[in-house]
Amino acid sequence: MKQIIKQTLLGLVGAFLLTFGIVHAQDARSNSIESMNVIQQGSVLNVKLTFKEPLKVLPPAFSVAKPARIAFDFANTINGLGKSSQAYNEGELKSANIVQAEDRTRLVLNLHKPMTYEATIEGNSLLLALVPSATAQGATTTVEHFAKAIPSVSVNTVRDIVFRRGKDGEGRITVDLSDANAGIDIRQQGADLVVDFANVSVPSALQKRLDVTDFATPVLKVNTIQKGPNARMTITPHGLWEHNAYQSDTQFVIEVKPIIENPNKLVQGSRGGYQGEKLSLNFQNVDVRRLLQVIGEFTGMNMVVSDSVGGSITLILKDVPWDQALDIIMQQKGLDMRKNGNVILIAPREEIATKEKLDFESRIQIGDLEPLVAESFQMNYIKADAVQKLLIDPKQKVLSNRGSAVVEERSNILFVKDTPSRLDEVRAMIAKVDVAARQVMIEARIVEAGDSFAKNLGVRLGWRQTFPDGAVRIGGDSTAISGNLDMGGTQVNLPATPRTGAAGTLNFLLFNNALTQFLTAEISALEADGRGKVISSPRVMTANQVEAIIEQGVEIPYQQATSSGATSVSFRKANLALKVTPQITPDGKISMELDVNKDTPNTRLSTGAGVAIDTKHVKTQVLVENGGTVVIGGIYTQETRNNTTRIPFFGDLPYIGFLFKNREIIDDKTELLVFITPRIVADNLSVR
Numbered sequence: 001m002k003q004i005i006k007q008t009l010l011g012l013v014g015a016f017l018l019t020f021g022i023v024h025a026q027d028a029r030s031n032s033i034e035s036m037n038v039i040q041q042g043s044v045l046n047v048k049l050t051f052k053e054p055l056k057v058l059p060p061a062f063s064v065a066k067p068a069r070i071a072f073d074f075a076n077t078i079n080g081l082g083k084s085s086q087a088y089n090e091g092e093l094k095s096a097n098i099v100q101a102e103d104r105t106r107l108v109l110n111l112h113k114p115m116t117y118e119a120t121i122e123g124n125s126l127l128l129a130l131v132p133s134a135t136a137q138g139a140t141t142t143v144e145h146f147a148k149a150i151p152s153v154s155v156n157t158v159r160d161i162v163f164r165r166g167k168d169g170e171g172r173i174t175v176d177l178s179d180a181n182a183g184i185d186i187r188q189q190g191a192d193l194v195v196d197f198a199n200v201s202v203p204s205a206l207q208k209r210l211d212v213t214d215f216a217t218p219v220l221k222v223n224t225i226q227k228g229p230n231a232r233m234t235i236t237p238h239g240l241w242e243h244n245a246y247q248s249d250t251q252f253v254i255e256v257k258p259i260i261e262n263p264n265k266l267v268q269g270s271r272g273g274y275q276g277e278k279l280s281l282n283f284q285n286v287d288v289r290r291l292l293q294v295i296g297e298f299t300g301m302n303m304v305v306s307d308s309v310g311g312s313i314t315l316i317l318k319d320v321p322w323d324q325a326l327d328i329i330m331q332q333k334g335l336d337m338r339k340n341g342n343v344i345l346i347a348p349r350e351e352i353a354t355k356e357k358l359d360f361e362s363r364i365q366i367g368d369l370e371p372l373v374a375e376s377f378q379m380n381y382i383k384a385d386a387v388q389k390l391l392i393d394p395k396q397k398v399l400s401n402r403g404s405a406v407v408e409e410r411s412n413i414l415f416v417k418d419t420p421s422r423l424d425e426v427r428a429m430i431a432k433v434d435v436a437a438r439q440v441m442i443e444a445r446i447v448e449a450g451d452s453f454a455k456n457l458g459v460r461l462g463w464r465q466t467f468p469d470g471a472v473r474i475g476g477d478s479t480a481i482s483g484n485l486d487m488g489g490t491q492v493n494l495p496a497t498p499r500t501g502a503a504g505t506l507n508f509l510l511f512n513n514a515l516t517q518f519l520t521a522e523i524s525a526l527e528a529d530g531r532g533k534v535i536s537s538p539r540v541m542t543a544n545q546v547e548a549i550i551e552q553g554v555e556i557p558y559q560q561a562t563s564s565g566a567t568s569v570s571f572r573k574a575n576l577a578l579k580v581t582p583q584i585t586p587d588g589k590i591s592m593e594l595d596v597n598k599d600t601p602n603t604r605l606s607t608g609a610g611v612a613i614d615t616k617h618v619k620t621q622v623l624v625e626n627g628g629t630v631v632i633g634g635i636y637t638q639e640t641r642n643n644t645t646r647i648p649f650f651g652d653l654p655y656i657g658f659l660f661k662n663r664e665i666i667d668d669k670t671e672l673l674v675f676i677t678p679r680i681v682a683d684n685l686s687v688r
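Counting in full-length UniProt numbering, the sequence shown runs from 1 upward without gaps.
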């Protein structure tokens, strides 16, 4: 049996660079790595890198504790060693990988455990002194140097800290910095996640603890303090979680994502595929039980191997995740596994299937023999008969074949009789469905705005040779003039025709000295400018996902023929109505199905069959934030008319043609808008 080589690959950033392909050496680069030597002196591991040209500054670096590795980036440098991977097994150093991508080269030191380092430049060499990092007893600390600080003239401060819930339930903390060149270290300290911002000050207004439990994310609290010259943010999560951090200009974002535990998955996490630490295996006819023991020792997992597992296998794997290697072995030998916490049971598939089948059959037999227990449930917010239908639904029964549920309608109590295990399921289900429905207040504002303009001008002329009553009138009302004009003679009758009200008139009478001939004239004119606004504001409050209707108006009677030929009186509504069905979404918004109707009787269009009705109707579905306002409909109409009535020939005469014509100008504008504002009513508040 050959020795097992436990070798990790590059970190996440190194893998990202590999996706672009390894770039071959180019003459344009000015420096190269010529050699690498490793020497263990006591507790210090010395690594010496020799370059073609001396380094001007220390290279940027980052370290990861799990798996333990340290990475260095060398700009404008190529790999002159002739190989990209080298195994050392010197002290805590397992191996080294050198990856060349685009304009830089990355050196990754793969370690057995986390270590700290000191870097020194001596001539053409870079000296690295690595020592084991001090970790608190019983605490796991993962240090991740996210970014290296770059000296800046201005003072770097935290301008804002924002917490939001992501679409997948992750907690997203955004830190707005005044300068993008900030050194950021992320480490896991016990159950907390600690983020240090080097040489960054925090204003006193932002030095506080945020309780974000109500956001339903893995994050419970975010505490930001000033610790010396640095800013420290402590994130307290709960449950299974993983974090991801990135920076865009001055915005630093760290996300804490929940992990749903999969009992059949060896390595928990949201990333797909195999995620275990990589190893290399090279065996010829090795015993399967021995190979499983080696993998268990490598991973630290507790394995229970069935006595029926046996045989041998030949296996050659290089840099393969250990969970993938275990999966390959089980597939080749017809094995299966069941994971319970930190313990893995490995046995042939048939044996596991038979065992599980016996377990299920024994549970069914126990359920058939288990004594029944009766329990009563008092319903508070839901009808007991509705819960009864859920329990005895034939498509998916909650009760067993021997169970029963009885409703007492007067007291709204549900009596259930079943086995104790089924009663636990009933109790859990009732706790979820018997809750108070959230209330929503919906306010609609229907605005009708009108702007009307009308201008009328008309003339009435008359000429007669005899004066009827001997009176002399200049001016006066239109009735007197009309009386004179109605007695015959030559007339022009084109007065103003206003839509509403009466037009203003100017009339006069001309006659000769003998009072035998006279000329009567009447000029009528009207200019009207009106603006109006009608606001209707229906409001209604309803429970979540319950339809509500509110309406106000009149019912107009009309005659309708019956099947026998007689007539009967029927009624038609002319109402202002609001029909809405709200639904509160998990993120606090409100989805509504709306039906808004505004009808008004039109008496100007009345007929023998009844009164006409002007209808304005909007039906739609919208999504609105709590307390927000949305415009769901708008109707804009404009009517423009220019009417002229004239006497042929005379109305076209210059200068005096206006005495033989009537002119009307109309410009009307109307606009209808419907505003909807929903609000979620808090449980401890009342709406007046």
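Note that CB positions come from ideal geometry on N, CA and C, so glycine has one too.
- For phenylalanine 649, the closest alpha carbon among the candidates Glu639, Asn643, Gln517, Lys661 is that of Lys661.
- Contact check for proline 54 against asparagine 124 passes: the beta carbons are separated by less than 8 angstroms.
- Residue nearest to alanine 577 within the set Leu510, Ile442, Lys589 is Ile442 (criterion: CA-CA distance).
- Taking 8 angstroms as the cut-off, the beta carbon of valine 256 is found closer than this to the beta carbon of proline 218.
- Around the C-beta of glycine 239, fewer than 16 other C-beta atoms lie within 10 Å, and the residue is accordingly described as exposed.
- For the pair glutamine 439 and arginine 164, the Cα-to-Cα distance works out to about 25 angstroms.
- Between glutamate 34 and glycine 82, the C-beta spacing is not below 8 angstroms.
- In the three-state reduction of the DSSP assignment, serine 421 falls in the helix class, which pools H, G and I.
- Contact between the stretch 658-678 and the stretch 625-640 is present, with at least three C-beta pairs closer than 8 angstroms.
- Straight-line spacing of the CA atoms in threonine 174 and valine 162 works out to 5 angstroms.
- Taking the Cβ atoms as the reference, leucine 457 lies roughly 13 angstroms from alanine 528, outside the contact range of under 8 angstroms.
- Under the DSSP assignment, phenylalanine 298 falls in the alpha helix (DSSP H) whose first and last residues are 288-299.
- Around the beta-carbon of asparagine 244, fewer than 16 other beta-carbon atoms lie within 10 Å, marking it exposed.
- Just so you know, the alpha carbons of leucine 130 and alanine 325 end up roughly 32 angstroms apart.
- Shortest Cα-Cα distance from proline 601 to any of Glu297, Glu555, Arg539, Gly296 involves Glu555.
- Scanning its chain for C-beta atoms nearer than 8 angstroms, with the 5 sequence neighbours on each side dropped, one finds around arginine 104 the residues Asp73, Phe74, Ala75, Asn76, Thr77, in chain order.
- When beta bridges are read from the DSSP output, isoleucine 535 appears opposite Val447.
- Secondary structure note for glycine 553: its beta strand (DSSP E) is the uninterrupted segment 548-561.
- Counting only runs of 4 or more residues that sit fully inside the UniProt domain "Secretin/TonB short N-terminal" (301-349), the alpha helix (DSSP H) segments are 322-333, in chain order.
- In this structure, the straight-line span from the alpha carbon of phenylalanine 511 to that of arginine 460 is close to 17 angstroms.
- Fewer than three beta-carbon pairs drawn from the stretch 181-199 and the stretch 275-286 are found closer than 8 angstroms, and the two stretches are therefore not classed as touching.
- Here glutamate 522 is buried. Its C-beta has 16 or more other C-beta atoms within 10 Å.
- Around glutamine 583, the same chain offers Gln545, Ser591 as residues with beta carbons nearer than 6 angstroms, after the five sequence neighbours per side are excluded.
- In the three-state scheme derived from DSSP, where H, G and I count as helix and E and B as strand, threonine 116 is classed as strand.
- If you look at glutamine 226, you'll find it in the beta strand (DSSP E) that goes 219-227.
- A Cβ-Cβ separation of about 7 angstroms places valine 416 in contact with leucine 423 under the 8 angstroms criterion.
- Spanning the alpha carbons of threonine 670 and arginine 641 requires a straight line of approximately 15 angstroms.
- For alanine 68, the enclosing beta strand (DSSP E) covers residues 68-75.
- For the pair glycine 403 and aspartate 418, the Cα-to-Cα distance works out to about 4 angstroms.
- For the 8 angstroms CB-CB criterion, glutamine 40 and glutamate 118 do not form a contact.
- Listed as beta-bridge partners of phenylalanine 377 by DSSP are Leu414.
- DSSP, reduced to helix, strand and coil, places glycine 91 outside both helices and strands of the structure shown, so it counts as coil.
- Along the length of the stretch 187-261, whole beta strand (DSSP E) runs at least 3 residues long occupy 192-198, 209-211, 219-227, 230-237, 241-248, 251-258, reported in chain order.
- Taking proline 132 as the centre and dropping the five residues before and after it, the same chain places the C-beta of Met115 closer than 6 angstroms to its C-beta, in chain order.
- In the three-state scheme derived from DSSP, where H, G and I count as helix and E and B as strand, aspartate 179 is classed as coil.
- Looking at the backbone, the Cα of aspartate 385 and that of alanine 405 are separated by about 9 angstroms.
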